[in-house]
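**Q**
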Amino acid sequence: MTRPTLADFRKAQPGCELAALVDLGARTVLLTDSAVRHAQEHLDALEREARQLFEAGALSPVIIAGPRGLRVFLRGEGGEALCCLLAPGADVSGITQRAAAVFAPQGGGE
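This is the structure in structure tokens:
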């Protein structure tokens with residue numbers, strides 16, 4: 609996973625305001641890409657929400673609608689998850705397929 613891969617994902621996903629790759633086992637945010645800066649506490653809260661959802665047995669993707677938009681959580685292999693904040697009314701169709709590129713192994717020693 610590279611920062612440009614995450615940035616490409618966010619730009620390709622309609623209405624995606626934040627994409628964060630998290631390590632659920634280490635309980636940490638690995639990478640983020642966003643149009644605006646988010647406080648670390650906000651990113652940590654997203655990681656915690658993803659971890660709690662998947663530890664409770666939720667199946668990926670998890671889509672939660674709220675007054676400020678959608679929170680989407682997609683679990684990858686190896687304990688990683690992609691957390692996304694989407695604008696209200698954003699189209700989530702195709703998000704699972706786009707996320708596959710984020711989780712795909714990177715070649716070239718990156």
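In our numbering, the protein residues as written are 609 to 718. We put the beta carbon where it would ideally sit given N, CA and C, even for glycine.
1. Rank Gly623, Thr640 and Ala615 by C-alpha distance to the C-alpha of Arg695 and give the top, closest one.
2. Give me the Cα-Cα distance between Ile703 and Asp652, rounded to the nearest whole angstrom.
3. For Leu667, which three-state DSSP category applies?
4. Give the DSSP-derived three-state secondary structure of Val637 in the structure shown.
5. Return the CA-CA distance between Ala673 and Ala634, expressed in angstroms with no decimal places.
6. Using alpha carbons as the reference points, say which of Arg683, Val630, Cys692 and Ala698 lies closest to Ala664.
7. Can you give the Cα-Cα distance for Arg659 and Leu632, rounded to whole angstroms?
8. Specify the secondary structure class of Ala698 as computed by DSSP and reduced to three states.
**A** This is what the structure gives:
1. The residue you asked about is not Arg; residue 695 is Ala in the sequence shown. Selected option, being the one with the closest Cα: Gly623.
2. 22 Å
3. coil
4. strand
5. 27 Å
6. Arg683
7. 6 Å
8. coil
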